[in-house]
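Student:
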Amino acid sequence: MKRNSPTVLEQRGAYRPTPPPAWQPRTDPGPLLPEAEPYRVLGTEAARKADPALLRRLYAQLVRGRRYNAQATALTKQGRLAVYPSTTGQEACEIAAADVLEEQDWLFPSYRDTLAAVARGLDPVEALTLLRGDWHTGYDPREHRIAPLSTPLATQLPHAVGLAHAARLRGDDVVALAMVGDGGTSEGDFHEALNFAAVWQAPVVFLVQNNGFAISVPLEKQTAAPSLAHKGVGYGMPGRLVDGNDVAAVHEVLTEAVRRARSGGGPTLVEALTYRIEAHTNADDATRYREEDEVEVWREHDPIALLERELTERGLLDDEGRQAAKDAAETMAAELRARMNADPVLDPMDLFQHVFAEQTGQLREQAAQLRAELDAAAEDQQHDEPGGTGR
Amino acid sequence: MKRNSPTVLEQRGAYRPTPPPAWQPRTDPGPLLPEAEPYRVLGTEAARKADPALLRRLYAQLVRGRRYNAQATALTKQGRLAVYPSTTGQEACEIAAADVLEEQDWLFPSYRDTLAAVARGLDPVEALTLLRGDWHTGYDPREHRIAPLSTPLATQLPHAVGLAHAARLRGDDVVALAMVGDGGTSEGDFHEALNFAAVWQAPVVFLVQNNGFAISVPLEKQTAAPSLAHKGVGYGMPGRLVDGNDVAAVHEVLTEAVRRARSGGGPTLVEALTYRIEAHTNADDATRYREEDEVEVWREHDPIALLERELTERGLLDDEGRQAAKDAAETMAAELRARMNADPVLDPMDLFQHVFAEQTGQLREQAAQLRAELDAAAEDQQHDEPGGTGR
Amino acid sequence: MTTAAAKPATMAQALGRALRDAMAEDPTVHVMGEDVGTLGGVFRITDGLAKEFGEDRCTDTPLAEAGILGTAVGMAMYGLRPVVEMQFDAFAYPSFEQLVSHVSRWRNRTRGAMSLPITVRVPYGGGIGGVEHHSDSSEAYYVATPGLHVVTPATVEDAYGLLRAAIASDDPVVFMEPKRLYWSKSAWNPETPGEVEPIGRAVVRRTGRSATLLTYGPSLPVCLEAAEAARAEGWDLEVVDLRSLVPFDDETVCASVRRTGRAVVVHEATGFGGPGGEIAARVTERCFHHLEAPVLRVTGFDIPYPPPMLERHHLPGVDRILDAVARLQWEAEG
Amino acid sequence: MTTAAAKPATMAQALGRALRDAMAEDPTVHVMGEDVGTLGGVFRITDGLAKEFGEDRCTDTPLAEAGILGTAVGMAMYGLRPVVEMQFDAFAYPSFEQLVSHVSRWRNRTRGAMSLPITVRVPYGGGIGGVEHHSDSSEAYYVATPGLHVVTPATVEDAYGLLRAAIASDDPVVFMEPKRLYWSKSAWNPETPGEVEPIGRAVVRRTGRSATLLTYGPSLPVCLEAAEAARAEGWDLEVVDLRSLVPFDDETVCASVRRTGRAVVVHEATGFGGPGGEIAARVTERCFHHLEAPVLRVTGFDIPYPPPMLERHHLPGVDRILDAVARLQWEAEG
Ligand SMILES: Cc1ncc(C[n+]2csc(CCOP(=O)(O)OP(=O)(O)O)c2C)c(N)n1
Ligand SMILES: Cc1ncc(C[n+]2csc(CCOP(=O)(O)OP(=O)(O)O)c2C)c(N)n1
Ligand SMILES: [Mg+2]
Ligand SMILES: [Mg+2]
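Residue numbers (the numbering used here), protein chains in the order written: chain A, 2 to 392; chain B, 2 to 392; chain C, 253 to 586; chain D, 253 to 586.
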């Protein structure tokens with residue numbers, strides 16, 4: 002009995018056992034290797050070819066994204082968010098990732114990527130539900146085709162591969178774009194996901210935001226690779242290296258990768274070089290592990306400033322345009338602030354509602370116990386924390 | 002507070018966050034990429050430079066190795082081994098791996114690599130203890146510096162990295178050579194081990210025996226990479242591709258990698274192209290997933306025949322030499338057969354002896370229970386399977 | 253369920269048939285794992301599926317368990333119903349993170365908006381002479397993970413019915429297959445496989461009055477044998493096959509124990525922290541005043557699984573069960 | 253242990269001090285994990301160690317838990333004594349394979365020829381307002397794995413003593429740190445840290461006659477509070493701090509329960525398949541005729557850990573403990 006019905010893979014010159022005298026590499030590794038320098042558009046010749054409408058749209062989004070980051074950080078200080086990992090300085094990646102996808106495509110954010118989700122159209126309050134401590138996921142992932150924010154690093158990557166593969170098996174035109182940090186590339190799940198994606202030629206794009214740190218751990222303790230994009234060739238997929246603060250460049254590279262995936266060309270690994278301007282989260286103290294002057298160097302290479310310079314030079318942005326973007330961002334922030342100031346209404350009985358499709362007998366018993374406790378507490382006004390840790 | 006005392010790594014041009022205009026790759030990826038063709042020695046010009054004494058030693062070992070494989074397989078038929086994964090056809094890798102190491106170095110075999118352990122000097126009966134079903138490891142790993150055979154695939158690789166790193170921290174001259182199969186490269190532990198090794202510049206050599214299959218799964222379903230050796234660059238370590246049936250070539254490539262590791266140059270990934278001539282184990286039926294003619298092609302490229310041709314052509318081997326190698330192998334086989342025919346003596350009380358350094362109260366209770374059962378059974382001659390599954 | 257014409261089928265065949273029927277009925281059912289395609293799995297459970305349904309429906313994956321389960325999550329997100337085969341009990345461990353952090357929590361995480369109808373098949377347990385890592389009873393890990401159903405058949409009939417039910421379930425199910433019963437036979441007829449009951453019901457396999465043996469999977473035949481042997485000693489043992497550890501059928505179990513007043517839990521998994529502790533504790537909580545003696549446990553010892561030549565000393569056997577029954581304080585009855 | 257001059261120390265400080273003292277005494281002790289070096293760990297437990305002992309002794313690893321534990325295995329093979337920090341409970345899961353298949357079995361596998369003196373520090377439990385994956389009580393997994401010691405302090409003194417003992421142990425120890433007690437204080441004096449007892453002994457934290465609360469880690473303070481509150485209802489509760497789940501101190505526990513005749517097990521981990529089942533079962537096996545009532549359990553519900561705003565409904569609190577005590581069939585005494 003032999004392997005029947007050769008797959009796409011098997012047809013296209015697979016890596017088969019062949020005695021070395023007759024050995025042929027499966028594919029030419031050359032095109033899979035990243036460029037020697039990160040790809041850039043803004044401030045280069047390539048910028049001329051960029052669509053002005055696109056650049057203006059991205060600009061508005063960047064400004065809005067920056068404001069979103071600032072507002073979310075402020076909300077942690079007011080105790081309205083339990084924690085917030087900011088993407089200040091990384092907005093170009095977040096915005097481009099959301100922008101390159103079609104409506105039917107899926108976004109797989111890491112825990113840091115609420116901005117990408119918001120840029121894709123998710124209500125910011127829903128996006129922040131997890132970080133607010135209200136519930137684990139604040140939205141129906143299917144509605145916007147945004148997977149739940151993934152806290153365990155890199156574990157979302159195989160999900161993206163499986164979803165993209167399933168869509169392809171069904172004949173649907175769906176691409177999955179999965180986001181991960183430089184630290185996350187060290188996890189085994191990163192490796193397994195990329196390998197499955199390449200073997201299955203799944204329509205998926207992996208976007209690594211290399212922001213220089215995994216909490217306090219700098220890149221040089223994370224990898225000894227020439228670049229993270231050099232990992233692609235080891236799976237048989239192209240690795241691309243891009244200036245992650247150049248929104249036009251990230252957009253172009255991702256667009257190309259999405260197009261490749263959509264047309265059956267398989268997965269791409271994109272490494273975007275960027276920098277985490279803020280601390281890891283509001284709870285972190287970045288002065289413990291890095292010098293302010295390093296941050297300064299990156300502030301000079303700010304994604305909004307880069308685009309603004311380009312737009313201004315080309316006469317695509319004036320004070321009015323700037324102000325309009327700012328105003329829109331302020332409106333979003335004000336609304337977010339107002340809505341986050343309202344206490345969410347939670348039903349403790351929800352704890353038992355969604356563990357299984359059908360509640361087990363054990364959970365029914367436990368739900369009844371909590372119900373009774375809540376009822377007793379409601380009757381007895383003195384006790385306001387029934388079943389709580391304190392009295 | 003800053004990172005104090007820069008490590009070796011940090012000194013040598015680490016991959017630091019630098020804004021893309023000033024970006025420099027950490028290392029030149031060029032030298033890390035494997036050769037376009039698997040490296041070969043036998044039958045090429047390079048063979049002239051090979052040391053005749055080495056070639057003769059390897060020849061004797063190959064012949065012995067082949068005989069060992071045949072004998073072990075025979076023992077499964079006689080019920081003396083529970084299972085045997087043969088390395089027939091892969092002897093060049095097994096023998097070379099053992100031969101390139103110094104006495105103080107460590108070998109980390111996969112479950113298939115008993116031959117490498119035996120070639121390193123381990124008593125074959127001890128090497129086969131696991132597969133005999135007698136105990137999990139039949140030897141003191143420290144005696145020959147051979148880690149326990151690793152059944153869970155790729156999990157031994159981080160062990161090798163940790164050991165090599167520890168030795169280096171202690172200032173000891175120790176290299177670890179870790180073996181894994183093509184299938185094992187898909188596991189997350191492979192990835193994490195290679196990454197740690199490169200970041201720590203640990204003195205470790207990874208030898209992937211690409212024998213075309215993971216049980217029934219052919220290489221093209223395992224990877225889409227140009228070669229497995231192309232994975233090296235993604236970690237910042239050299240990947241080498243070698244004809245795994247050319248013992249002189251494998252020996253040379255491994256020797257170079259070991260030398261590099263020993264001199265502080267860090268890890269190397271070596272992919273040896275070979276073929277699993279036998280079924281996965283005696284319990285497997287390879288006709289279910291591959292054609293005999295594929296096997297035939299590889300039989301033509303036999304590691305012993307390749308070396309024999311070279312030695313004969315160069316007048317380094319005559320009938321006498323051939324016979325001597327054969328005789329030595331037969332002696333080993335006869336002794337192995339004889340010793341494996343003796344029933345091992347096992348003490349059931351050993352079950353409780355080595356769980357912890359000091360037996361817990363719980364285990365003391367349980368040991369007493371078994372002791373009582375065994376005593377009762379000994380008294381009562383009718384019961385010969387005390388506490389067993391049947392009566 | 254037995255018809256005159258039926259020739260004996262093995263549990264392995266029943267499992268294979270369940271997969272086949274599920275795939276035939278529902279095009280969203282996909283089988284995936286190591287060697288499940290061309291080879292038909294190392295235990296041949298998936299034999300013929302790739303041929304019948306194509307490699308896209310029964311797929312040989314790369315060798316990476318976290319990747320297998322992780323991609324299955326994504327496939328399930330898209331509406332497929334993946335059935336994942338783990339090659340052996342211990343080789344499921346690399347996928348633990350995906351199972352615990354994602355598979356078990358997905359429905360709850362999304363407040364019911366999404367479920368992951370994944371079946372994870374885990375051949376488990378010893379008694380087959382397997383070398384290290386091939387004989388673990390890992391159910392304690394799954395049982396302690398909220399959000400997973402944990403199911404295990406002990407008969408050929410149940411192998412079919414429970415696997416069908418597991419695949420049909422909208423929730424993730426860890427389906428533990430007692431590998432030493434793969435070759436056990438019954439007159440079960442694959443052509444008339446019988447009704448598919450929902451999971452979650454224990455069943456009394458033998459009625460008795462003296463005491464109840466509570467067991468599952470590979471230990472059921474041992475318990476039935478012990479019950480036969482116990483007759484000689486004057487004990488009439490009831491044997492309950494739990495079938496589903498989560499959800500747990502308190503009703504059937506407690507009804508039996510209340511009737512007999514004595515119980516022994518029997519399983520292969522190690523005792524300390526094993527499922528037996530939970531079972532004994534909950535039975536005691538619920539039936540305390542009916543108990544003439546404490547609920548005892550006969551389990552594997554608290555040791556790593558032994559090498560093949562010693563495993564018979566580790567596994568719960570008839571004698572050890574009878575010894576436990578003897579310790580159920582019969583004198584108290586007077 | 254309290255001296256007049258001592259100013260209050262936190263559990264976090266005691267843990268840090270234990271690491272420091274162990275490293276100072278024994279050059280083979282190495283600390284490794286994510287962010288343990290320059291940053292001093294996200295909970296600052298390892299603060300200052302990299303500075304004092306260098307980065308080779310206190311190492312920021314790449315972000316890969318299996319890699320961390322797997323390389324620690326190799327380091328231990330070479331004679332080092334690695335102390336591994338897992339950043340949070342749920343982030344230890346990727347290392348599960350290495351823990352279960354290697355760390356726990358190594359000594360047994362090699363018939364005692366090699367041991368792996370690895371300490372795996374796992375900050376665990378809830379009550380700190382952590383988002384998903386930051387509040388798991390994962391001890392059930394470790395407890396069910398033969399070959400691991402599982403230890404958890406509940407006081408500042410024990411944090412020091414037990415961690416020193418864990419590092420000194422020649423066997424692997426999963427050292428569970430109740431993260432919401434990191435900031436708990438005591439008059440413990442780091443300059444006179446006290447004797448290091450071997451692990452494996454429970455301790456009676458409060459003597460009482462009516463019933464025994466069996467607990468550990470983060471639930472100890474809650475139980476002590478409950479015991480105080482119970483006085484108003486006429487119950488005089490004894491509180492036992494288990495400290496070590498493996499090995500389990502049957503002696504201390506059973507002595508207490510035999511004395512009081514009633515027991516409630518309290519822990520944060522989910523109930524079904526949690527450690528409480530084992531504890532209740534073994535206490536019942538050993539103390540059956542001393543029990544006036546079944547051993548009850550107050551635990552987390554059988555649900556994935558809740559979001560911060562709901563966690564107080566999940567965690568065992570004083571009221572829920574008192575409710576359980578009330579159900580210990582007091583009328584039966586009458
Ligand atoms: C499996 C896992 N291990 C550890 C953590 C704890 N953790 C949260 S964020 C973080 C650093 C992530 O770094 P990176 O991947 O570079 O992403 P970034 O924070 O820079 O966006 C760590 C270690 C986690 N969330 N998941
Ligand atoms: C973690 C893990 N998963 C699955 C298995 C079962 N298994 C044993 S050998 C094997 C194939 C290994 O293939 P490869 O790595 O190429 O090594 P080879 O057998 O060819 O030497 C599999 C899947 C295992 N031992 N460990
Ligand atoms: Mg980062
Ligand atoms: Mg192979």
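We put the CB at the ideal spot given by N, CA and C, even for glycine.
(1) Heavy atom of ligand 1 less than 8 Å from the Cβ of residue 181/A, yes or no?
(2) Here's a check: name, in chain order, each residue in its chain whose Cβ is nearer than 8 Å to the Cβ of residue 451/D, leaving out the five neighbours to either side.
(3) I'd like the ranges of any alpha helix (DSSP H) spanning at least 4 consecutive residues and lying wholly in the region 351 to 377 of chain D.
(4) Measure the C-alpha to C-alpha separation of residue 253/B and residue 326/D and round it to an integer number of angstroms.
(5) Anything in the region 176 to 191 of chain B with a Cβ closer than 7 Å to a Cβ of chain D? List those residues in chain order, please.
(6) Is DSSP giving residue 40/B helix, strand or coil here?
(7) Consider the C-beta atom of residue 277/B and the heavy atoms of ligand 2; say whether any pair is separated by less than 8 Å.
(8) Given the structure, does residue 111/B come close to ligand 2, in the sense that its CB is under 8 Å from one of the ligand's heavy atoms?
(9) Can you tell me which residues form a DSSP beta bridge with residue 180/B?
(10) Anything in the region 31 to 49 of chain B with a Cβ closer than 8 Å to a Cβ of chain A? List those residues in chain order, please.
(11) Given a limit of 9 Å on CB to CB distance, which residues of the region 127 to 141 of chain B reach chain C?
(12) With a CB to CB cut of under 7 Å and the five nearest residues on each side skipped, what residues in its chain are close to residue 199/B?
(13) Which first and last residues belong to the alpha helix (DSSP H) in which residue 299/B is found?
(14) Please state if the CB of residue 208/B and the CB of residue 47/B are separated by a distance shorter than 9 Å.
(15) Quick one: does the C-beta of residue 287/C sit closer than 8 Å to a heavy atom of ligand 2?
(16) For the beta strand (DSSP E) that contains residue 221/C, what are its first and last residues?
(17) DSSP three-state label for residue 282/D, please.
(18) What does residue 554/D reach in chain C if we use C-beta pairs closer than 8 Å?
(19) At least one CB of chain B closer than 9 Å to the CB of residue 561/C: is that the case?
(20) If you measure beta-carbon to beta-carbon, which residues of the region 281 to 296 of chain C are closer than 9 Å to chain B?
(21) Measure the beta-carbon distance from residue 324/C to residue 336/C and round it to whole angstroms, keeping in mind my assumption that it falls under 8 Å.
(22) For residue 357/B and residue 340/C, I'd like the C-alpha separation in whole angstroms.
(23) Measuring from the CB of residue 211/B, is there a heavy atom of ligand 4 at a distance below 8 Å?
(24) Any heavy atom of ligand 1 within a distance shorter than 8 Å of the CB on residue 153/A?
(25) Measuring CA to CA, which of 24/A, 29/A, 36/A is closest to residue 231/A?
(26) Spell out whether any CB of chain E is found under 9 Å from the CB atom of residue 348/C.
(27) Tell me the DSSP secondary structure of residue 471/D in three-state form.
(28) With burial defined as no fewer than 16 other Cβ atoms inside 10 Å of the residue's Cβ, what is the status of residue 319/B: buried or exposed?
(29) CB of residue 340/D to nearest heavy atom of ligand 5: below 8 Å?
(30) Within its chain, find whatever has a CB closer than 6 Å to the CB of residue 87/A; leave out the 5 residues flanking it on each side and keep chain order.
(31) Counting only beta-carbon separations shorter than 9 Å, does residue 524/D have a partner in chain A?
(32) Quick check: what's the CA-CA separation for residue 432/D versus residue 61/A?
(33) Quick one: is residue 193/A near chain C, going by C-beta distance under 9 Å?
(34) Does residue 159/B get closer than 9 Å to chain D when you measure Cβ to Cβ?
Tutor: Put simply:
(1) One-based indexing of the first sequence puts residue 181/A at position 180. Yes; taking the cut-off as 8 Å, the Cβ of residue 181/A has a heavy atom of ligand 1 nearer than that.
(2) Against the fourth sequence, residue 451/D aligns to sequence position 199. Hits under 8 Å: 401, 403, 414, 417, 418, 421, 425, 495, 496, 499.
(3) 358 to 361
(4) Reading the second sequence from its first residue, position 252 is the one you call residue 253/B. Reading the fourth sequence from its first residue, position 74 is the one you call residue 326/D. Approximately 27 Å between the Cα atoms of the pair.
(5) Across the region 176 to 191 of chain B, CB contacts with chain D closer than 7 Å involve 189, 190, in sequence order along the chain.
(6) Working through the second sequence from its first residue, we reach residue 40/B at position 39. In this structure, residue 40/B counts as strand in the three-state DSSP scheme.
(7) Here residue 277/B corresponds to residue number 276 of the second sequence, with the count starting at 1. Indeed, a heavy atom of ligand 2 lies less than 8 Å from the Cβ.
(8) Residue numbering aside, residue 111/B sits at position 110 when the second sequence is read from its first letter. Result yes, Cβ under 8 Å from ligand 2.
(9) To locate residue 180/B, count along the second sequence from 1; it is residue 179. Paired residues: 208/B.
(10) 33, 34, 37, 38, 39, 41
(11) Per Cβ criterion, the list reads 130, 131, 132, 133, 134, 135, 136, 137, 138.
(12) Counting from 1 along the second sequence, the entry for residue 199/B is found at position 198. Cβ neighbours of residue 199/B beyond the five flanking positions: 236, 237, 238, 267, 268.
(13) On the second sequence, residue 299/B is found 298 positions in, with the first residue counted as 1. From DSSP, the alpha helix (DSSP H) with residue 299/B extends over 293 to 300.
(14) The count along the second sequence starts at 1 and reaches residue 47/B at position 46. The count along the second sequence starts at 1 and reaches residue 208/B at position 207. No; because the gap between Cβ atoms is not below 9 Å, this pair is not in contact.
(15) For the purposes of this step, residue 287/C is taken as residue 35 along the third sequence, with counting starting at 1. Residue 287/C Cβ: within cutoff of ligand 2.
(16) Absent from the structure is residue 221/C, since the part of chain C shown begins at 253 and ends at 586.
(17) Taking the fourth sequence and counting its residues from 1, the one referred to as residue 282/D is at position 30. Residue 282/D falls in the strand class under three-state DSSP.
(18) The residue given as residue 554/D occupies position 302 in the fourth sequence. Simply 398.
(19) The residue given as residue 561/C occupies position 309 in the third sequence. Yes, its Cβ sits closer than 9 Å to a Cβ of chain B.
(20) Within the region 281 to 296 of chain C, the residues whose Cβ lies closer than 9 Å to some Cβ of chain B are 286, 287, 289, 290, 291, 292, 294, listed in chain order.
(21) As a working mapping, residue 324/C is identified with position 72 in the third sequence. As a working mapping, residue 336/C is identified with position 84 in the third sequence. 5 Å between Cβ atoms; contact.
(22) The residue given as residue 357/B occupies position 356 in the second sequence. The residue given as residue 340/C occupies position 88 in the third sequence. Going from the Cα of residue 357/B to the Cα of residue 340/C covers about 26 Å.
(23) Working through the second sequence from its first residue, we reach residue 211/B at position 210. Result yes, Cβ under 8 Å from ligand 4.
(24) Residue mapping note: residue 153/A aligns to position 152 of the first sequence, counting from 1. Between ligand 1 and residue 153/A, a heavy atom-to-CB distance of less than 8 Å is present.
(25) For the purposes of this step, residue 231/A is taken as the residue at position 230 of the first sequence. Minimum Cα distance to residue 231/A is reached at 36/A.
(26) Reference to chain E is not applicable here, since the protein chains of this structure are A, B, C and D.
(27) Locating residue 471/D in the fourth sequence gives position 219, where the first residue counts as 1. Three-state DSSP puts residue 471/D in a helix.
(28) Your numbering for residue 319/B matches position 318 in the second sequence. Taking all protein chains in view, the Cβ of residue 319/B is surrounded by fewer than 16 other Cβ atoms within 10 Å, so the residue is classified as exposed.
(29) As for ligand 5, it is missing from this structure, which binds only ligand 1, ligand 2, ligand 3 and ligand 4.
(30) Here residue 87/A is taken as the residue at index 86 of the first sequence, counted from 1. Same-chain partners within the cutoff: 70, 74, 279.
(31) Looking up residue 524/D in the fourth sequence gives position 272. Closer than 9 Å to some Cβ of chain A, the Cβ of residue 524/D qualifies, so yes.
(32) Position 180 of the fourth sequence holds residue 432/D. Position 60 of the first sequence holds residue 61/A. Distance between the alpha carbons of residue 432/D and residue 61/A: 43 Å.
(33) Translated into positions along the first sequence, residue 193/A becomes position 192. It does: the Cβ of residue 193/A has a partner Cβ on chain C nearer than 9 Å.
(34) Looking up residue 159/B in the second sequence gives position 158. Closer than 9 Å: yes.
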